[in-house]
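Single-structure report; data block below.
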Amino acid sequence: MDQYADGVQLWIEFDLGGRIMGLGYCSECGKLYLENTSGLCPQCYELEEFEELKIVDFLREKGKASIEQICKATGVKEKTVLRMMKRGRFKGDFEITHPCESCGELISEGRLCAKCSKNILDQVKTSESPKQEERSGVRVYSRDILKNK
Ligand SMILES: [Zn+2]
Ligand SMILES: [Zn+2]
């Protein structure tokens, strides 16, 4: 056995599924961890699984709830609930409402309520009024051809 055996062993462990896994920072606690699809270190991931179960339990009882209600009832951070929603964890099963970013009305999809998104669309439309087409100057090429000899 040579002295590098340990080092070689380490690299084999890092080579999961045929590719070298990278290191990343956990998006929850900022700790360095072996990258995975969840973006969380094992500890935070475990906690999140647990929190998710709490939320699912709560939603089963209520059927429909706002993010605010979920946070109050389960003690899970809003940021975490939003992250779970982004991953589509509760999609289809429950209706989670959150306030419209513009007027605060409770909505279940997107960032704005139907009214506000329509307002914004209208604004975009009016600000994008078609520019007057520049008249392309028709150039007349006068040829110096003397027709009358
Ligand atoms: Zn973490
Ligand atoms: Zn709104």
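Quick note on numbering that gives the first Met the number 0: the sequence shown kicks off at 0 and runs consecutively. Even for Gly, the Cβ is constructed at its ideal location relative to N, Cα and C.
Quick one: grab the DSSP three-state call for LEU120. Here LEU120 sits in helix by DSSP.
Please check the pair THR73 and LYS53, which I expect to be a contact at CB under 8 Å, by giving their CB distance rounded to whole angstroms. The pair is a contact, with the Cβ atoms about 4 Å apart (cut-off 8 Å).
Please state whether DSSP places GLU100 in a helix, a strand or coil. Coil at GLU100, not helix or strand.
From the DSSP secondary-structure annotation, give me the bridge partner or partners of LYS71. Answer is none; LYS71 lacks a bridge partner.
The segment 61 to 72 touching the segment 111 to 126, judged by at least three CB pairs closer than 8 Å: No: fewer than three Cβ pairs fall under 8 Å.
Three or more C-beta pairs under 8 Å: does that hold for the segment 28 to 36 against the segment 47 to 67? No: fewer than three Cβ pairs fall under 8 Å.
For the segment 102 to 110 against the segment 82 to 90, do three or more pairs of beta-carbon atoms, one drawn from each stretch, fall closer than 8 Å, so that the two count as touching? Contact fails: fewer than three Cβ-Cβ distances are below 8 Å.
Does LEU39 pass the burial test, meaning 16 or more other C-beta atoms within 10 Å, or should it be called exposed? Buried is the call here.
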